[in-house]
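Those letters in the sequence shown? Residues 140 to 544, by this note's numbering. Since the structure comes first, as structure tokens, the remarks are kept for the end.
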Amino acid sequence: MSTATSSNPAQHHIMGVYNRAPLAFERGRGARLFSTTGEEYLDCVAGIATCGLGHAHPVLVDALKTQGEKLWHVSNIYTIPEQEVLADKLCAATFADVVFFTNSGTEAIECALKAARRYHVVNGQAERVNIIGFDGSFHGRSYAAVNASGNASYLDGFGPRLPGYIQLPFGDMDALKAAIDDKTAAVIIEPVQGEGGARALTEAQLIELRQITRDAGVLLIFDEVQSGMGRTGKLFAYEWAEGAEPDIMAVAKALGGGFPVGACLASTEAARGMTPGVHGSTYGGNPLAMAVGQAAFDAINSEELLDNVKTVAGYFTQQLNGLKDRFPDVIVDIRGKGMLIGIKVVPNNRDFMVMARDQKLLIAGGGDNCVRLLPPLNLTVEEASEAIAKLEKACETARAKASAA
């Protein structure tokens, strides 16, 4: 007889690794989600920065339907022309020369870490294995990714930390210079942290980081799984700092618009150790994923959409700082970049998420007692205004509860 593992009795056959909200959705359209009980919510989570074009975008739906009637999956032992099309687009728009396609951001990170170590092996420096990361970082849930991440709680109960992974204070360039030695393979960092509380590196820090790693012969890996694909108003966040191009970059989330698509991008030099047999994927880059990825990329990599991100992000920043001024007992800080917005709050952030949800607004959690706004990139100013009004009501609720306590 099977044994229940979920804390939710309605999901007693689901492994209980999520602390789920008591809410389920049956359909979505744009920035709206509709629950199984018929309630409408404004979605500023977007699958955690994944549904970059909102829900059921017609361009993505059409791409999925068209490809679904032709060919879903073939093995990577064959040539997959659709991969080359999307790889060409990614390389033309970035620093990269080559791409490896995955199903998720975690897998893209795994490829990046392996590529970095292999690079030094083929260069005759096999001793260079250490990966330097930063506190508050989140790079995924696989074993190598949680070791590269700066959150020790993700390692609890899974045995000793893997050797070769070092964490430093986020943005501390002096600490980085001191930590790099002849065993360092790569530095991995999110230009804008997501789970870590929406902390963003400055343009000057991005440039300095690139210079430090280049001078030391160390590869620079950018994790742009959350900050990439238009989220900050540029196609990728590193583009805000001229000359800060990485050697390797992990991409996912909005690259598939909700369909599982990830990619590891690299320069030819950084990928020189990735030869036949050293890496692979069964599902990564299959025709169905590539068709949706191409459609999502084309829609996001447009002047109109990226300009919309800048406009709406500017509106959010102005209005949220206004809320901060009016509710200093609720909001401590506004941070992030573009439409990756962090709000550091006084009440427990999980409680504040519930207060927002009571106003039919969906927001995400984050580290450092932050909540995050990660809306679709095509959100309108009118919808942003609606989100602000709902957040204002949530702040009023938080104030009232604090006064009653």
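The C-beta atom is built at its ideal place from N, Cα and C for all residues, glycine as well. These numbers were taken from a predicted model, which means no experiment stands behind them.
If you draw a straight line from the alpha carbon of residue i to that of residue j, how long is it in whole angstroms?
i, j, result
"L518", "C183", "9 Å"
"K204", "F164", "22 Å"
"A410", "R538", "53 Å"
"I473", "G372", "17 Å"
"D227", "L500", "38 Å"
"P161", "D446", "36 Å"
"S141", "Q150", "A caution first: S141 carries a pLDDT of 46, below 50, which makes its placement in the model too unreliable to give a value."
"V156", "G263", "42 Å"
"R171", "E179", "7 Å"
"R166", "G481", "27 Å"
"V431", "P197", "11 Å"
"A318", "L530", "42 Å"
"V213", "V469", "52 Å"
"A247", "C230", "16 Å"
"S441", "F173", "29 Å"
"P399", "L252", "20 Å"
Excluding sequence positions up to five away, which residues of its chain have a Cβ less than 8 Å from the Cβ of residue i?
i, result
"G397", "G186, T189, C190, H194 and L199"
"L301", "Y282, A283 and N286"
"V520", "T450, V451 and Y454"
"G505", "G333, E334, G335, G336, A337, G481, N488 and R511"
"F350", "For the sequence presented, residue 350 should be read as Gln rather than Phe. So the list is empty, once near-sequence residues are dropped."
"P294", "Note that residue 294 is Leu in the sequence shown, not Pro. Taken in chain order, the residues that qualify are V285, N286 and R300."
"T175", "A163, F164 and E165"
"K316", "I351"
"D201", "A434"
"F297", "Y282 and V285"
Helix, strand or coil for residue i, going by three-state DSSP, please let me know.
i, result
"M154", "coil"
"D386", "coil"
"K316", "helix"
"H194", "strand"
"Y180", "strand"
"S174", "strand"
"I216", "coil"
"K513", "It should be noted that the sequence gives Leu, not Lys, for residue 513. DSSP places L513 in coil when its eight states are reduced to three."
"D236", "coil"
"T323", "strand"
"K529", "helix"
"R166", "strand"
"K209", "coil"
"T421", "coil"
"F398", "strand"
"F361", "strand"
"A160", "coil"
"T241", "strand"
"A339", "strand"
"L404", "strand"
Mark residue i as exposed unless 16 or more other C-beta atoms lie within 10 angstroms of its C-beta, in which case mark it buried.
i, result
"R511", "buried"
"D379", "Looking at the sequence itself, residue 379 is Trp, so the reference to Asp does not match. By the neighbour-count rule (16 or more Cβ atoms within 10 Å), W379 is buried."
"V261", "exposed"
"F309", "buried"
"S366", "buried"
"T245", "buried"
"T536", "buried"
"D354", "exposed"
"V417", "exposed"
"Y217", "exposed"
"P467", "exposed"
"R168", "exposed"
"F361", "buried"
"Q457", "exposed"
"S542", "exposed"
For residue i, report the span of its beta strand (DSSP E) as first-last.
i, result
"K476", "I470 to K476"
"Y304", "Y304 to L307"
"F273", "N269 to F273"
"A503", "A503 to G505"
"G481", "L479 to V484"
Enumerate in chain order the residues of its own chain whose CB-to-CB distance from residue i is below 7 Å, with the five nearest sequence positions on each side excluded.
i, result
"S288", "G272, S276, F277 and H278"
"G424", "N215, I219, Q222 and F240"
"H259", "A265, R267 and A324"
"N460", "I473"
"I346", "A380, G382 and A383"
"D464", "none"
"G412", "A254, R257, Y258, V260 and V261"
Where do the ends of the alpha helix (DSSP H) carrying residue i lie?
i, result
"L122", "It is not possible to answer for residue 122, since the shown part of the chain is limited to 140 through 544."
"R353", "E342 to A355"
"V493", "N488 to D497"
"A251", "G244 to V261"
"N286", "Y282 to A287"
"Q457", "E442 to R465"
"M368", "Careful: M368 lies outside any alpha helix (DSSP H) and carries neither H nor E."
"Q433", "P426 to I439"
For residue i, which residues in the same chain have their Cβ closer than 6 Å to its Cβ, ignoring the five residues on either side in sequence?
i, result
"A533", "M494, A495 and Q498"
"Y422", "N242"
Would you verify that the beta carbon of residue i is, or is not, closer than 8 Å to some beta carbon of chain C?
i, result
"G275", "Looking at the structure shown, chain C is missing, and only one protein chain is on hand."
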